[in-house]
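Mapping of the sequence shown onto our numbering: position 55 corresponds to residue 66, and the numbering continues sequentially without gaps.
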Amino acid sequence: MYFHSTRFSNYEAWLSDPTHIGPSAQIWRTSGITSELQLYCTAIGALVFAALMLFAGWFHYHKAAPKLAWFQDVESMFNHHLAGLLRLGSLSWAGHQVHVSLPINQFLNAGVDPKEIPLPQEFILNRDILAQLYPSFVEGATLFFYLELVKICEISYFSWRIRSSD
């Protein structure tokens with residue numbers, strides 16, 4: 012899917028002028044992808060990760076196979092695999108949305124040229140860029156521990172709806 016969009020879509024042209032160029036299934040903006048190179052790197056990364064998981068599955072069940080009693084206890088086997096898939100997957104996707112997608116979409120909504128937007132890793136490594144977009148981001152995770160919902164709402168993707176209804 013990533014590779015097909017890299018080679019056969021008009022994503023960069025649509026991103027620079029979305030009112031005059033028709034989209035061809037452009038879902039990548041919500042992930043914070045702003046160029047075909049990023050799509051291509053994502054496709055290669057997904058291919059490498061799929062091969063790694065295929066090898067890990069083979070190793071896990073053939074070379075370092077667990078005991079037969081482990082397979083008879085369905086609950087432990089089920090929890091073992093879903094813990095990594097659901098917990099870590101959800102946590103990493105939420106981190107990606109907050110630290111990469113929201114800032115890039117903030118720039119795109121402001122009308123900044125996609126080629127002028129910093130690379131995604133710069134949002135993760137440089138907190139000052141995020142602090143310019145979301146001033147309460149400097150305080151870190153303490154906002155969640157003290158439940159300061161007004162400041163948390165500033166980071167929320169749907170905060171424009173809340174502010175526009177006032």
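Where a beta carbon is used, it is the ideal one built from N, C-alpha and C, also for glycine.
These figures come from a predicted structure and were not determined experimentally.
Since I believe residue j is in contact with residue i (beta carbons under 8 Å), could you give me their beta-carbon distance rounded to a whole number of angstroms?
i, j, result
"leucine 50", "tryptophan 39", "6 Å"
"isoleucine 135", "histidine 110", "5 Å"
"phenylalanine 148", "leucine 141", "5 Å"
"serine 27", "serine 112", "At roughly 19 Å, the Cβ-Cβ gap does not stay under 8 Å, so serine 27 and serine 112 are not in contact."
Looking at the unbroken alpha helix (DSSP H) that takes in residue i, where does it start and where does it end?
i, result
"proline 114", "113–120"
"leucine 154", "153–156"
Is the Cβ-Cβ distance between residue i and residue j less than 8 Å?
i, j, result
"proline 146", "threonine 45", "no"
"leucine 154", "proline 114", "no"
"alanine 54", "phenylalanine 14", "yes"
**Report entry** Length-filtered (4 minimum) alpha helix (DSSP H) runs lying within the stretch 44–84
**Finding:** 47–69 and 79–83
Requested in this report: Return the chain-ordered ranges of every alpha helix (DSSP H) run that is complete within the stretch 17–43 and spans a minimum of 4 residues.
Outcome: Fully enclosed alpha helix (DSSP H) runs of 4 or longer: 22–27.
Query raised in the report: Could you give the uninterrupted runs of the alpha helix (DSSP H) lying entirely in the stretch 91–150, keeping only those of 4 residues or more?
Result: 100–107, 113–120, 131–136 and 138–144
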